[in-house]
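Each number in the working numbering corresponds to the 1-based position in the sequence shown with 3 added.
Glycine included, every Cβ here is placed at the ideal spot set by N, Cα and C.
Only a predicted model underlies this, so the values are computations on that prediction, with no experimental measurement involved.
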Amino acid sequence: MTRKQLVEQIQQKKSYLCVGLDTDITKIPKHLQSHPDAIFEFNKAIIDATKDICVSYKINTAFYEALGLKGWQAMEQTVNYIPTEHLKIADAKRGDIGNTSSQYAKAFFETLNFDAITVAPYMGEDSIRPFLEYENKWTIVLGLTSNAGSKDFEQLRLVSEDTNHGGEFLYEKVLKKVSNWGNKDNLMFVVGATKASGLEKIREIIPDNFLLVPGVGFQGGSLKDVSKYGMNKDCGLLVNASRAIIFASEKEDFAAEARVIAQQYQNEMAGYLL
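So, in structure tokens, the structure goes:
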């Protein structure tokens with residue numbers, strides 16, 4: 004998917020919502036749990052209920068990998084079912100030496116036909132380069148994540164070479180460095196919604212790149228703040244909500260309830276896009 008196509012979808016739907024298909028088989032409605040294709044049937048219903056009000060779906064691969072072969076089959080079925088107009092993200096957080104990353108890229112961009120994949124940057128450029136070499140595919144690099152442990156490394160303040168005192172944060176260094184490896188058409192960054200206060204500074208570093216923003220919903224991030232400080236002229240945001248949408252109900256009406264919550268996000272987003 005190209006940047007132009009993504010921006011057009013955002014404008015047409017008045018939405019920059021990404022629905023996270025973090026499908027935990029133990030949390031789906033009980034009437035589906037005995038179905039031979041329980042994960043796919045659940046995902047299919049969620050997609051049918053939300054596809055006109057979101058622009059992207061993000062599949063957290065851990066929930067599928069944990070189920071072995073059946074999980075991988077459900078993931079492939081799900082990716083193939085998502086309409087081509089939606090950006091399909093593999094939240095896989097890969098990143099390894101170059102020849103290994105080449106195989107990861109092939110797995111998710113060719114075998115499974117995702118449009119984008121999340122990657123970890125801390126092994127350097129050669130671990131990310133194989134993903135960036137695919138045309139019309141997106142590499143989404145972990146920047147400032149929403150988890151508590153982000154303070155262990157991402158938020159370490161580096162020593163300034165000029166003053167021997169505290170300089171930029173490590174995540175800022177990462178954003179600056181990685182932004183030169185790709186461009187606004189193939190490179191996004193993950194910035195957690197719970198870190199919205201840092202978005203102004205982040206936008207100074209990467210004004211044009213799209214940001215994938217998790218943490219709205221159950222993690223307490225503010226859609227208003229994310230939109231205020233993170234939006235650029237093309238919107239430049241994909242705000243992900245997972246559990247708040249897909250597990251809105253444990254009953255047979257789960258898809259309808261998921262749509263209600265997704266619609267609430269979309270309605271608020273439409274106001275910020277004016």
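- Excluding sequence positions up to five before and after Gly201, its CB lies within less than 8 Å of the CB of Leu147 and Val194, all in the same chain and listed in chain order.
- In terms of CA proximity to Tyr19, Leu214 leads the group Leu214, Ser252, Arg262 and Gly223.
- Thr142: member of the beta strand (DSSP E) spanning Trp141 to Leu147, first to last residue.
- Nearest to Val216 by C-alpha distance, out of Pro210, Met191 and Lys236, is Met191.
- Our two residues, Lys61 and Asp256, have alpha carbons roughly 22 Å apart in a direct line.
- Rounded to the nearest angstrom, the gap between the Cα atoms of Glu11 and Gly239 is 12 Å.
- For the pair Thr53 and Val22, the CB atoms are nearer than the 8 Å cut-off.
- Short of 8 Å from the beta carbon of Ile208, and not among the five residues preceding or following it, lie these beta carbons of its own chain, in chain order: Glu175, Leu178, Lys179 and Ser182.
- With respect to the 8 Å criterion, Glu79 and Leu35 are not classified as neighbours on the basis of their beta carbons.
- Contact check for Lys17 against Leu276 passes: the beta carbons are separated by less than 8 Å.
- In the DSSP assignment, Arg97 is bridged to Val122.
- Per the coordinates, the alpha-carbon of Ala244 lies some 11 Å from the alpha-carbon of Ala251.
- DSSP lists Gly23 and Ile92 as the bridge partner or partners of Lys61.
- Around the Cβ of Pro39, a 10 Å sphere holds fewer than 16 other Cβ atoms; the residue is exposed.
- Ser105 is positioned such that its CB atom lies no closer than 8 Å to that of Ser130.
- Nearest in C-alpha terms to Thr87, of all of Gln8, Arg246 and Gly224, is Gln8.
- Secondary structure at Gly223: coil, using DSSP grouped into helix, strand and coil.
- Shown here, Leu178 sits in a helix according to DSSP, grouped into three states.
- Residue environment: Gly274 is assigned as exposed (fewer than 16 neighbouring CB atoms within 10 Å of its CB, all protein chains considered).
- Assigned with DSSP and collapsed to three states, Glu68 falls in helix.
- Under the three-state reduction of DSSP, Glu171 is assigned to strand.
- Separation of Ser149 and Gly218 (C-alpha to C-alpha, rounded to the nearest whole angstrom) is 6 Å.
- Between the beta-carbon of Asn235 and that of Arg262 there is about 29 Å, and that puts the pair past the 8 Å contact cut.
- Along the length of the stretch 179-205, whole beta strand (DSSP E) runs at least 3 residues long occupy 190-194, reported in chain order.
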